[in-house]
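10 is the number that the UniProt record's numbering gives to position 10 of the sequence shown; each next residue is one higher, with no gaps.
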Amino acid sequence: MFYAIVGEDRPDSLADRLAARPAHIERLKALQDDGRLLLAGPFPAIDSPDPGPAGFSGSLIIAEFASLEAARTWADADPYVASGVYATVTVKPFKKALPA
(Lines of atoms letter the chains of each structure in order from A and count residues from 1; the text may use other names and numbers.)
(Lines give C-alpha, C1' and ligand atoms only; values in the text may rest on other atoms or scores of the structure.)
Protein backbone atom coordinates (compact mmCIF):
# COMPACT_ATOMS: atom_id res chain seq x y z
CA MET A 1 0.00 0.00 0.00
CA PHE A 2 1.06 3.59 -0.56
CA TYR A 3 1.68 6.00 2.33
CA ALA A 4 1.96 9.78 2.29
CA ILE A 5 4.75 11.20 4.41
CA VAL A 6 4.47 14.93 5.04
CA GLY A 7 7.34 16.66 6.82
CA GLU A 8 6.81 20.23 8.00
CA ASP A 9 10.04 22.24 8.24
CA ARG A 10 10.93 24.17 11.35
CA PRO A 11 11.56 27.90 10.77
CA ASP A 12 15.01 28.87 9.48
CA SER A 13 15.99 25.29 8.62
CA LEU A 14 17.29 25.91 5.09
CA ALA A 15 20.99 25.48 5.94
CA ASP A 16 20.30 22.20 7.76
CA ARG A 17 18.07 21.04 4.90
CA LEU A 18 20.79 21.68 2.33
CA ALA A 19 23.40 19.89 4.45
CA ALA A 20 21.19 16.80 4.92
CA ARG A 21 19.84 16.77 1.35
CA PRO A 22 22.36 14.34 -0.22
CA ALA A 23 21.58 11.63 2.36
CA HIS A 24 17.84 12.35 2.07
CA ILE A 25 17.96 12.02 -1.73
CA GLU A 26 19.99 8.80 -1.48
CA ARG A 27 17.19 7.18 0.56
CA LEU A 28 14.58 8.35 -1.96
CA LYS A 29 16.63 6.95 -4.84
CA ALA A 30 16.75 3.60 -3.04
CA LEU A 31 12.92 3.61 -2.88
CA GLN A 32 12.83 4.54 -6.57
CA ASP A 33 15.27 1.78 -7.49
CA ASP A 34 13.02 -0.69 -5.63
CA GLY A 35 10.00 0.56 -7.65
CA ARG A 36 8.29 1.82 -4.48
CA LEU A 37 8.42 5.62 -4.94
CA LEU A 38 5.34 7.25 -6.45
CA LEU A 39 6.53 10.85 -6.02
CA ALA A 40 8.58 13.07 -3.76
CA GLY A 41 9.42 16.74 -3.52
CA PRO A 42 9.61 19.85 -1.38
CA PHE A 43 7.08 22.60 -0.77
CA PRO A 44 8.69 25.96 -1.69
CA ALA A 45 8.04 28.55 1.02
CA ILE A 46 7.05 31.09 -1.65
CA ASP A 47 5.26 30.82 -4.98
CA SER A 48 8.38 30.01 -6.99
CA PRO A 49 10.05 26.82 -8.22
CA ASP A 50 13.34 28.25 -6.88
CA PRO A 51 12.55 29.93 -3.56
CA GLY A 52 16.15 30.96 -2.90
CA PRO A 53 16.75 32.09 0.68
CA ALA A 54 13.02 31.76 1.49
CA GLY A 55 13.63 28.02 1.48
CA PHE A 56 11.00 25.37 1.89
CA SER A 57 8.10 24.76 4.24
CA GLY A 58 8.27 20.95 4.09
CA SER A 59 8.21 17.90 1.86
CA LEU A 60 5.86 15.26 0.51
CA ILE A 61 6.83 11.66 -0.16
CA ILE A 62 4.39 9.05 -1.42
CA ALA A 63 5.84 5.58 -1.43
CA GLU A 64 4.87 1.95 -1.02
CA PHE A 65 5.51 0.20 2.30
CA ALA A 66 4.38 -3.11 3.80
CA SER A 67 2.48 -1.35 6.60
CA LEU A 68 1.83 1.96 8.31
CA GLU A 69 4.37 0.96 10.95
CA ALA A 70 7.00 0.31 8.26
CA ALA A 71 6.29 3.70 6.67
CA ARG A 72 6.60 5.46 10.06
CA THR A 73 9.84 3.63 10.82
CA TRP A 74 11.26 4.67 7.44
CA ALA A 75 10.12 8.29 7.95
CA ASP A 76 11.59 8.45 11.46
CA ALA A 77 15.00 7.47 10.06
CA ASP A 78 15.07 10.28 7.48
CA PRO A 79 18.14 12.55 7.60
CA TYR A 80 15.83 15.58 7.73
CA VAL A 81 14.43 14.22 11.00
CA ALA A 82 17.89 13.47 12.41
CA SER A 83 19.18 16.95 11.52
CA GLY A 84 16.13 18.75 12.92
CA VAL A 85 14.82 20.08 9.61
CA TYR A 86 11.34 18.67 10.19
CA ALA A 87 9.37 20.03 13.14
CA THR A 88 6.65 17.44 12.53
CA VAL A 89 6.16 14.39 10.35
CA THR A 90 2.76 12.93 9.49
CA VAL A 91 2.37 9.49 7.90
CA LYS A 92 -1.00 8.42 6.45
CA PRO A 93 -2.23 5.64 4.20
CA PHE A 94 -2.71 6.91 0.64
CA LYS A 95 -4.93 5.51 -2.09
CA LYS A 96 -3.96 6.59 -5.60
CA ALA A 97 -7.08 7.31 -7.65
CA LEU A 98 -5.83 9.33 -10.65
CA PRO A 99 -4.24 9.18 -13.03
CA ALA A 100 -5.38 5.62 -13.50
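Glycine is no exception: its CB is placed at the ideal position from the N, C-alpha and C atoms.
Note that the structure is a prediction, hence the values are computed from the model and not measured.
- Nearest to G41 by alpha-carbon distance, out of T73, L28, S83 and A70, is L28.
- For V89, the uninterrupted beta strand (DSSP E) segment begins and ends at Y86 to F94.
- Its Cα nearest to that of A20, the residue Y86 stands out among Y86, P93, A97 and L37.
- The three-state secondary structure of A45, taken from DSSP, is coil.
- Annotated three-state conformation of A40 is strand, per DSSP.
- Between P44 and L14, the CB-CB gap reaches or exceeds 8 Å.
- Relative to the Cα of A4, the nearest Cα in the group G55, P79, A70 and A23 belongs to A70.
- By the criterion of a C-beta distance shorter than 6 Å, T88 is surrounded in its chain by E8, once the five residues flanking it on both sides are discounted.
- Taking the C-beta atoms as reference points, D16 is found nearer than 8 Å to S83.
- Under the DSSP assignment, L31 falls in the alpha helix (DSSP H) whose first and last residues are L14 to D33.
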